[in-house]
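Position in the sequence shown counted from 1, then plus 2, gives you this note's numbering.
Step one of this worksheet: look at the structure below.
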Amino acid sequence: MATHICPNCKEDSFTWSIDEEESSLTKWGCYNCYYIAWEDETLERVCSNCGKKAEFNLKDDTKEYWWCWNCCRVTPIP
Ligand SMILES: [Zn+2]
Ligand SMILES: [Zn+2]
């Protein structure tokens, strides 16, 4: 399975798994730092940095932010 740069520890260890109970949410987890975040699939958008439709809305226990899996940019949502 493909891995991406973890927004928490910046290692190439971030990957998703399907959660069948909450169909609109995808669970992302890092197997290096054990960081967990939830992606709302309905909010995917085009990244203004790299121009790809690769920016996901991620939410964890403390914050919500945009994260681009292509260029790794993180944009906090206030
Ligand atoms: Zn990590
Ligand atoms: Zn990007």
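Here a beta-carbon is modelled for each residue, glycine too, at the ideal position from N, C-alpha and C.
Every value quoted in this text rests on a predicted model; they were computed, and no experiment measured them.
- Identify every run of the beta strand (DSSP E) within the region 16-54, keeping only runs that are complete inside it and at least 3 residues long; order them along the chain. Here the runs fully enclosed are 27-32, 38-42.
- Using only the heavy atoms of ligand 2, determine whether one of them is closer than 6 Å to the beta carbon of residue 8. No, the beta carbon of residue 8 sits no closer than 6 Å to any heavy atom of ligand 2.
- Task: Would you mind stating whether residue 69 and residue 56 have Cβ atoms separated by less than 7 Å?
- Result: Result no, Cβ atoms of residue 69 and residue 56 do not sit closer than 7 Å.
- Contact test: residue 37 Cβ vs ligand 1 heavy atom, cutoff 6 Å: At a threshold of 6 Å, residue 37 counts as near ligand 1, since its beta carbon sits closer than that to one of the ligand's heavy atoms.
- From residue 73 to residue 64, what does the alpha carbon distance come to, in whole angstroms? Cα to Cα, residue 73 sits roughly 23 Å from residue 64.
- Comparing the CB of residue 75 with every heavy atom of ligand 2, is any distance shorter than 6 Å? Yes, the beta carbon of residue 75 sits closer than 6 Å to at least one heavy atom of ligand 2.
- Find out if the Cβ-Cβ distance for the pair residue 10, residue 49 is shorter than 7 Å. No. Outside cutoff.
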